[in-house]
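Chains D and C are the protein sequences, given in the same order.
Residue 61 in my numbering sits at position 61 of the first sequence, with consecutive numbering throughout.
Residue 417 in my numbering sits at position 140 of the second sequence, with consecutive numbering throughout.
Okay, structure first, notes after.
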Amino acid sequence: MREKNFVESFTKHRLGMIGLAGIVIVIALGAFGPLIVTYPVGYNEATPLAAPDREHWLGTDGLGLGLIAEIVWGARTSLFISFTAVAVATCIGVPLGLVSGYFKGRIGGLIDSVIEIAMTIPALPLMILISAISGPSMGTVAVVIGLFSWPTLSRIVRNSTLKLASMPFIEAAIVLGIPTRTIMFKHILLNAAGPALVDLTIIMATAVLTEAGLSYLGLGDPNAWSWGGILQNAFRAGQHFHAWWLIVFPSLAIMFFVVSFNLLGLGINETLNPKRD
Amino acid sequence: MGFQEDEHVHGLIDNLCFAVTEGSVLGVVGESGCGKSMAALSVMRLLPSAAVVQGGEILFNGANLLAKTEAEMEKIRGRDIAMVFQEPMTSLNPVHTVGRQIGEVFRIHRSAMGAEERRAATVALLGEVGIANPEQRCDQYSHQLSGGMRQRVMIAMAVACGPQLLLADEPTTALDGTIQAQVLALMQELKQQTQGSIMLITHNLGVVAETCNDVVIMYAGRVVESGTIGHIFDQPGHPYTRGLLASIPSLAGNAGELFSIPGTVPSAESFEPGCRFAPRCQLRREYCSREVPPMTEIAPGHAVACWVTGSGRQP
């Protein structure tokens, strides 16, 4: 009953639609923005640290580069990071969760312990370590974030799978001679997609936050503009004392992105949950 | 086709021995928890992981199913042996259309079929199992169908490849009376078409009387009586069978209180030696609990496992 009405019910969920709209805006910004605003590089004739005015709507940074351009190009980084991280987390987390939930025996138990251990590892210090060792690059950061986000996804998929595996329709599928892999990916995964999708939106939001954090610590890619990177530049030069716009606008961008994804997750969750009013 | 099997954990089912003859319907009757479903699942080699088959063999067309590999079993399931379950409400995947689920059976067991051929076969099959507007129903989800229709779809999936043996585990229990009769009639009809056999698991003797040729009565994991439908209904040999028959309300009967067998089925942990029905049996002798009564033929094709009514000897 869900699948069919899902799109319809979701469009009625106001907060979820606001989140979706927010994400569409960020994606549009990342996709088409760079076609309009040129890549901010080098020195500019514009006044450094100019407050927002008619010419530079969001002001300029210490090099006289327009903040609008930096944020637009930063959107690209954020999108790249969050989608890559989610892809990595999905590739690891979903199969592990499916297998551990479907094969309840020794394999399942073993994978479950692996998930549990992975969940206890504090991500940030290790991410800092890995980024520091491997050198700052956007790809590395994205993959590392993904490598640390799969355990929650795995656990969610595992829990749904445990429940679904004992459903009569799965038994019926086995009885019809449908191969195990088909059952796992076509019959179970599709039914478990709801909660997993919600977790994906959370991973996306967290990935952007983490990337901002790493960039802020100076572990981001210095060759790519990112929202965290703008903040880091400002703080490193001590400009945040007089140029409020260098702090406020990138922070607002991060918040906008994260809140959009959280709202989308909320919308999906509440649409899938039959207990809502 | 014959099948025979011993002992599970706690000796849940033992010395189960019966045969489904080609083209006939075998009824397996017993109270809840007596091991009927376990017997069917062991034919499919789909017992829950806690259950262990400790011996015996299950012969299908002369080959022992217990000796097959899992890959071989996957080919047999759904193609040669199929199964219909009790819960039509939850036996269909809620996120796939009915047509897609039936089509999947063709895709796996009839891989030579193209997509259009599959679709045509699915629609034809839905029509065969008595679903009106099969073309349209094909694209619907299970929640858009009634309980009776879902069970028809389940039967369609089971008979898609014309299985030689259809295991029906209480296929009509969850349906209301009129639909029950229709579904049973449908299964009979499809059996005629495919020349297959049916093993019908039920606790409803009325259903047995209507559909079966042979009957096996199970009690607490053992066969207590087997015979043709005439044997069981006209000359029941085992006290348990007699009790079951006495507890059916009869239209002609007097309006007194309905007979019921005192006590409940023992659990696997509390099985006593000897006859497992003895504690509830009205004909019980003190020697009944000493040794397991053997299946003894009391008429050609009619066997009973009872010290009192079956074997003319005492342990």
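Think of the CB as a built atom: it goes at the ideal place given N, C-alpha and C, for glycine as much as any other residue.
Quick caveat: nothing in here was measured; it's all calculated off a predicted structure.
(Q) On the CB-based measure, 16 or more other CB atoms within 10 Å of its CB, does residue 54(D) come out buried or exposed? (A) Locating residue 54(D) in the first sequence gives position 54, where the first residue counts as 1. Classification for residue 54(D): exposed.
**Asked** For the segment 344 to 422 of chain C, which segments carrying the alpha helix (DSSP H) assignment without a break, of at least 4 residues, lie completely within its bounds, in sequence order?
**Response** 347 to 353, 375 to 386, 392 to 405, 411 to 414
**Prompt:** Residues of chain D with CB under 9 Å from residue 337(C), in chain order?
**Reply:** Taking the first residue of the second sequence as 1, we reach residue 337(C) at position 60. What residue 337(C) touches in chain D: nothing, since even the nearest Cβ is about 14 Å away.
task: Return the chain-ordered list of same chain residues with a C-beta closer than 8 Å to the C-beta of residue 232(D), the five sequence neighbours on each side being excluded.
output: Along the first sequence, one-based indexing puts residue 232(D) at 232. Correct list, in chain order: 215, 216, 217, 218, 220.
- Query: How would you list, in chain order, the residues of chain D whose beta-carbon sits under 9 Å from the beta-carbon of residue 359(C)?
  - Reply: For the purposes of this step, residue 359(C) is taken as residue 82 along the second sequence, with counting starting at 1. Result: 175, 176, 177.
key: Segment contact, 8 Å Cβ cut-off, at least three pairs: the segment 408 to 425 of chain C with the segment 314 to 328 of chain C   = no
Quick one: what does DSSP say residue 320(C) is sitting in, helix, strand or coil? Residue numbering aside, residue 320(C) sits at position 43 when the second sequence is read from its first letter. Helix at residue 320(C).
*For the beta strand (DSSP E) that contains residue 91(D), what are its first and last residues?*
Translated into the one-based positions of the first sequence, residue 91(D) becomes position 91. No beta strand (DSSP E) contains residue 91(D), which is instead part of the alpha helix (DSSP H) from 67 to 102.
Practice prompt. Examine chain D for any beta-carbon lying closer than 7 Å to the beta-carbon of residue 385(C), and answer yes or no.
Written response: Taking the second sequence and counting its residues from 1, one reaches residue 385(C) at position 108. With 7 Å as the cut-off, residue 385(C) counts as an interface residue toward chain D.
Practice prompt. Tell whether a beta-carbon distance below 7 Å holds between residue 581(C) and residue 575(C).
Written response: Mapped onto the second sequence, residue 581(C) falls at position 304. Mapped onto the second sequence, residue 575(C) falls at position 298. Contact flag set, yes.
Are the beta-carbon atoms of residue 334(C) and residue 343(C) separated by less than 7 Å?
-> The residue given as residue 334(C) occupies position 57 in the second sequence. The residue given as residue 343(C) occupies position 66 in the second sequence. Cβ atoms of residue 334(C) and residue 343(C): closer than 7 Å.
Report task. Flag this pair as touching only if the segment 510 to 523 of chain C and the segment 480 to 494 of chain C have three or more C-beta atom pairs under 8 Å; answer yes or no. Result -> yes
Does the segment 438 to 446 of chain C come close enough to the segment 351 to 367 of chain C to have 3 or more Cβ pairs within less than 8 Å? yes
Residues that residue 169(D) contacts on chain C, provided the C-beta gap is smaller than 7 Å: Taking the first sequence and counting its residues from 1, the one referred to as residue 169(D) is at position 169. Residues of chain C passing the Cβ test: 367, 368, 369, 370.
(Q) Can you find the residues in the same chain that come closer than 6 Å, C-beta to C-beta, to residue 203(D), ignoring five residues on each side of it along the sequence? (A) Mapped onto the first sequence, residue 203(D) falls at position 203. Correct list, in chain order: 86, 89, 149.
TODO: Report the option in 96(D), 247(D), 173(D), 75(D) whose CA atom is closest to the CA atom of residue 62(D).
DONE: As a working mapping, residue 62(D) is identified with position 62 in the first sequence. Among 96(D), 247(D), 173(D), 75(D), the Cα nearest to that of residue 62(D) belongs to 247(D).
I need the boundaries of the alpha helix (DSSP H) containing residue 431(C), first residue and last residue. Residue mapping note: residue 431(C) aligns to position 154 of the second sequence, counting from 1. Element bounds for residue 431(C): 424 to 436.
Q. Can you name the residues of chain D whose CB is closer than 9 Å to the CB of residue 354(C)?
A. Mapped onto the second sequence, residue 354(C) falls at position 77. By Cβ distance, chain D contributes 174, 175, 176, 177, 178.
| query | For the segment 181 to 193 of chain D, which residues have a CB atom closer than 7 Å to at least one CB atom of chain C, in sequence order? | reply | 187, 190, 191
Checklist entry - Any idea which residues DSSP pairs residue 579(C) with across the strands? => result Position 302 of the second sequence, counting from 1, holds the residue named residue 579(C). DSSP lists 576(C) as partners of residue 579(C).
Does the beta-carbon of residue 201(D), which I'm using as the reference point, lie nearer than 6 Å to any heavy atom of the ligand GDP?
Of the ligands one can find in the structure shown there are none, so the ligand GDP has no counterpart to examine.
Query raised in the report: Span of the beta strand (DSSP E) holding residue 445(C)?
Result: Stepping through the second sequence from its first residue, residue 445(C) is reached at position 168. Counting along the chain, the beta strand (DSSP E) containing residue 445(C) begins and ends at 442 to 446.
Does any C-beta atom of chain D lie closer than 7 Å to the C-beta of residue 321(C)? The residue you call residue 321(C) lines up with position 44 of the second sequence. It does: the Cβ of residue 321(C) has a partner Cβ on chain D nearer than 7 Å.
Counting Cβ pairs closer than 8 Å, one from the segment 166 to 184 of chain D and one from the segment 373 to 387 of chain C, do we hit at least three?
yes
**OP:** Classify residue 227(D) as buried or exposed, calling it buried when 16 or more other Cβ atoms lie within 10 Å of its own Cβ.
**Re:** Here residue 227(D) corresponds to residue number 227 of the first sequence, with the count starting at 1. Result: buried.
How many angstroms separate the CA atom of residue 550(C) from the CA atom of residue 566(C)?
Residue mapping note: residue 550(C) aligns to position 273 of the second sequence, counting from 1. Residue mapping note: residue 566(C) aligns to position 289 of the second sequence, counting from 1. Distance between the alpha carbons of residue 550(C) and residue 566(C): 6 Å.
For residue 10(D), does the three-state DSSP call read helix, strand or coil? Residue 10(D) sits at position 10 when you count from the first residue of the first sequence. Looking at residue 10(D) - three-state DSSP - the assignment turns out to be helix.
Hey, quick one: how far does the beta strand (DSSP E) through residue 505(C) stretch, first residue to last?
As a working mapping, residue 505(C) is identified with position 228 in the second sequence. Taken as a continuous stretch (DSSP letters only), the beta strand (DSSP E) holding residue 505(C) covers 499 to 505.
Reduced DSSP secondary structure (H/G/I, E/B, other) of residue 269(D) | On the first sequence, position 269 is the one that residue 269(D) refers to. Three-state DSSP puts residue 269(D) in a helix.
Residue 96(D) versus residue 501(C) - alpha carbon distance | The residue given as residue 96(D) occupies position 96 in the first sequence. The residue given as residue 501(C) occupies position 224 in the second sequence. Roughly 47 Å separates the two Cα atoms.
Margin query: Tell me the residue span of the alpha helix (DSSP H) that contains residue 213(D).
Written below: Position 213 of the first sequence holds residue 213(D). Segment 189 to 216, the alpha helix (DSSP H) holding residue 213(D).
When you compare the CB of residue 349(C) with every CB in chain D, is at least one pair closer than 7 Å?
Here residue 349(C) is taken as the residue at index 72 of the second sequence, counted from 1. Answer no: the Cβ-Cβ gap between residue 349(C) and chain D never drops below 7 Å.
Q) Beta-carbon of residue 412(C) versus every beta-carbon of chain D: anything under 7 Å? A) The residue labelled residue 412(C) in the question sits at position 135 within the second sequence. So, not an interface residue.
Open item on the list: Taking the alpha-carbon of residue 405(C) as reference, which of 446(C), 449(C), 468(C) has the nearest alpha-carbon?
Closed with: Working through the second sequence from its first residue, we reach residue 405(C) at position 128. Comparing Cα positions, the closest option is 468(C).
(request) Measure the Cβ-Cβ separation of residue 258(D) and residue 196(D) and say whether it is below 7 Å. (result) Your numbering for residue 258(D) matches position 258 in the first sequence. Your numbering for residue 196(D) matches position 196 in the first sequence. No, Cβ-Cβ distance for residue 258(D) and residue 196(D) is not below 7 Å.
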